[in-house]
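What follows is a short report on a single structure.
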Amino acid sequence: VVEHGQPEHSVVTTCAYCGVGCSFKAEMQGERVVRMMPYKDGGANEGHSCVKGRFAFGYATHKDRVMNPMIREKITDPWREVSWDEAIQYAADRFKAVQAKYGKGSIGGITSSRTTNEEVYVVQRMIRAAFGNNNVDTCARVCHSPTGYGLKQTFGESAGTQDFKSVDLSDVIMVIGANPTDAHPVFASRMKKRLREGAKLIVVDPRRIDIVKSPHVSSDYHLQLQPSTNVAVLNAMSHVVVTEHLVDRSFVAARCDKDAFARWEKFIANPKHSPEALEAVTGVPAEEIRGAARLFATGGNAAIYYGLGVTEHSQGSTTVMAIANLAMATGNIGREGVGVNPLRGQNNVQGSCDMGSFPHEYPGYRHVSDEATRRLFEKEWKVKLDPEPGLRIPNMFDEASAGTFKGLFVQGEDIAQSDPNTSHVEHALESLECLIVQDLFLNETAAFAHVFFPGTSFLEKDGTFTNAERRVNRVRPVMREKQGMAEWEIVCRLATAMGYPMMYTSAAAIMDEIAHMTPTFKNISFKMLDERGSVQWPCNDDAPEGTPVMHIDEFTRGKGRFMLTEFVPTPERSNSRFPLILTTGRILSQYNVGAQTRRTENVVFHDEDILEMHASDAEVRGIKDGSLTSVTSRAGGTTLRVKITDRVPPGVVHTTFHFPISGANVITTENSDWATNCPEYKVTAVQVTPSNRP
Ligand code: SF4
């Protein structure tokens, strides 16, 4: 249906969905996409693709796209279309009025992991230089911020250690809290190929996801743990490694901090971390954990792949560090076939973090309080910078509700739908005196906005995305900006209208500044990427060809650091009122809150979120397969159609969050990771009853 005749020319660009970052050849007739063909020379996909990248691009020309900037005095007023000049001046005047009334720190902004590195970079510069504070955060806050924290603490670099190809040399693959078949399909195919060749598989997941048993692939261990007990399972595996003398002593002696290892070894050897002691907590038979640990430690090259089932917990950062501990203890870091690999949900999660959109870090993960780094940016940007970290997204909501945070710029994220505890988010948004939304569509967040800047789709963007393996890929425009302006230029003009002159000649010039200011990007430019196709950072004088595998001779921080990872149960508890635990995830055909895929022909595969429930839980509630149910939690309630399945065990239910009508985040809680505030989307105590709705 989406293929429309013979192409006249083609442009190589990058998929705008998941963190695999597949390259495509957009085959065109004039400015119309005829079809998206997976590109055989793409570094991440080598000619493969999935149903999203291949077919779900129709949203770029969907009738719902907003083409003109709009403003309104109050959120109850109708929108008024205006020129770009008027919209930008109006937005700047409102932001300046808010700052005059409530202070410099009363405004901030949120960057998007769907936009390019260059677009993110200019937003964080605008906030630091024009707003005069560090109130910049990224939507990675609600997905992989614990990865950034946990890997920095242990290895010294907030990024995955391997390239995707590395899995071809793995002997043991451990998948924890990730569902690559649905969420990272092209990488899942590569992983399954290796499994068919004989690699062993350990899956740690409360659900029986497809990779546990699919054609010609079967896991050797499925540790079907109770939701929220990842840390207990990982500690128990490490306990087995230590107490059964399976530690790779020569690796640890040569590569790791001696004192930190000694502390950790004593900590993890404590019998309270044994699989037997934790069996009642994890729900996993002790012998299975022992078997999985022995396989991981002795089975050859062992690699760990993880996703949001690791990070989106109150112990997300602890889990990431427990994964790093296990990899170091068994010597599975620093060569092909091993490593610790976060599978990023969005196309540019890695990039949005790299580009300095955390409130405490400049591009390249350097703390804002570091005097030398701050001086560098002050010199480059010709402005005095704030040495204090700014607000994280949840703090912005809290302060907005409290009346001290009054202005917000949101770039390409639908926070009203994607962030947890919707009623709290909506109250915060209602409290703002100036909300600017930059997006393709009038999304749920735009209902609370005073200014709407229409954005551009990936087919109109010029720039780069950085995928889960740190690969910087070119995004090339196949059509002109439909609303008349590049997103980076809108941001530059807004900063200028606020009194801080900021402009670049092109997206390439922004990348030149990124390379100049970020040591890990030093040798990267559009010219270099156009010649070479893509490159994995660090790419600098020490690694001019880029870095497919990190930490080969030493960790970025020098010696690898073992961290103490005490298991602390989630504050979310089931009880007689809310006896079931709800987890959330994704399906293959849809993407995140669905703003893009719902506006494509992919809706033929799925058009609503479904609640998975075990037959025993359905039977006691009188719930029939395919019927509507009411799902309530301490935060709120929603309605979901039920599917009775043994993919979930008794006591656990599961749903997706792709459709606003069901709004799964109406019911998720405000619990979050202790270190990064990443929301605990994966654990909500709920009750499910038959719905009265027809
Ligand atoms: Fe796009 Fe990810 Fe599918 Fe590749 S695997 S085509 S990057 S959605």
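Residue numbers for the sequence shown, in my numbering: 4 to 697. Every residue, glycine too, gets a C-beta built ideally from N, C-alpha and C.
Near the ligand SF4: residue i beta-carbon under 7 Å from a heavy atom
{"i": "C21", "result": "yes"}
{"i": "G56", "result": "yes"}
{"i": "C146", "result": "no"}
{"i": "H657", "result": "no"}
{"i": "H554", "result": "no"}
{"i": "P188", "result": "yes"}
{"i": "N424", "result": "no"}
{"i": "C25", "result": "yes"}
{"i": "S404", "result": "no"}
{"i": "C53", "result": "yes"}
{"i": "N344", "result": "no"}
{"i": "C437", "result": "no"}
{"i": "C495", "result": "no"}
{"i": "C542", "result": "no"}
{"i": "N476", "result": "no"}
{"i": "N351", "result": "no"}
{"i": "N48", "result": "yes"}
{"i": "C18", "result": "yes"}
Neighbourhood of residue i by C-beta, 7 Å cutoff - its chain only, sequence neighbours within 5 removed
{"i": "F444", "result": "D67, R68, V69, A598"}
{"i": "V352", "result": "G22, S116, A143, C146, H147"}
{"i": "M40", "result": "F27, K28, E30"}
{"i": "T692", "result": "R624, T632, S633"}
{"i": "P362", "result": "N137, N138, V139, D140, P392, G393, L394, R395"}
{"i": "F400", "result": "H427, V428, A431"}
{"i": "G536", "result": "D44, G46"}
{"i": "A765", "result": "The structure shown does not extend to residue 765, since the chain spans only 4 to 697, so no value can be given for it."}
Rounded separation between residue i and residue j - CA only
{"i": "L583", "j": "L311", "result": "20 Å"}
{"i": "P653", "j": "S619", "result": "7 Å"}
{"i": "H12", "j": "A90", "result": "36 Å"}
{"i": "T333", "j": "H316", "result": "25 Å"}
{"i": "V4", "j": "P149", "result": "With a pLDDT of only 39 at V4, under the threshold of 50, the placement of this residue in the model should not be trusted; the figure read from the coordinates follows. C-alpha separation (whole angstroms): 41 Å."}
{"i": "L198", "j": "K55", "result": "24 Å"}
{"i": "W87", "j": "I439", "result": "14 Å"}
{"i": "E416", "j": "S360", "result": "14 Å"}
{"i": "G342", "j": "G303", "result": "12 Å"}
{"i": "T376", "j": "N136", "result": "16 Å"}
{"i": "A330", "j": "G337", "result": "10 Å"}
{"i": "A638", "j": "N273", "result": "38 Å"}
{"i": "N398", "j": "A405", "result": "10 Å"}
{"i": "C356", "j": "K104", "result": "31 Å"}
{"i": "A678", "j": "E290", "result": "32 Å"}
{"i": "A296", "j": "V413", "result": "44 Å"}
{"i": "M482", "j": "L462", "result": "6 Å"}
{"i": "L226", "j": "L281", "result": "13 Å"}
{"i": "Y152", "j": "G33", "result": "46 Å"}
{"i": "P72", "j": "D213", "result": "44 Å"}
{"i": "N344", "j": "D649", "result": "29 Å"}
{"i": "F581", "j": "G319", "result": "23 Å"}
{"i": "N680", "j": "E673", "result": "9 Å"}
Residues of its chain near residue i, where Cβ-Cβ distance is below 6 Å and the 5 sequence neighbours each way are ignored
{"i": "C437", "result": "R97, F98, V101, G410, H453"}
{"i": "T635", "result": "Q690"}
{"i": "E402", "result": "F408"}
{"i": "K168", "result": "none"}
{"i": "I78", "result": "F451"}
{"i": "C259", "result": "M331, K562, G563"}
{"i": "P682", "result": "V145, P423, S675"}
For residue j and residue i, believed in contact at Cβ under 8 Å, the rounded distance
{"i": "R564", "j": "T157", "result": "5 Å"}
{"i": "I130", "j": "V139", "result": "4 Å"}
{"i": "G354", "j": "T469", "result": "3 Å"}
{"i": "V175", "j": "K203", "result": "5 Å"}
{"i": "H242", "j": "S277", "result": "5 Å"}
{"i": "T587", "j": "F660", "result": "6 Å"}
{"i": "C25", "j": "G45", "result": "6 Å"}
{"i": "I513", "j": "F524", "result": "I513 to F524, Cβ: 12 Å. No contact."}
{"i": "L249", "j": "T301", "result": "6 Å"}
Contact set for residue i: own chain, Cβ-Cβ below 8 Å, skip 5 residues either direction
{"i": "E429", "result": "A419, F451"}
{"i": "S577", "result": "L583, I584, G654, A688"}
{"i": "M324", "result": "G153, Q156, T157, M566, T568"}
{"i": "S630", "result": "R644, V645, P693, S694"}
{"i": "I326", "result": "G153, I179, L237, I307, Y309, V313, V343"}
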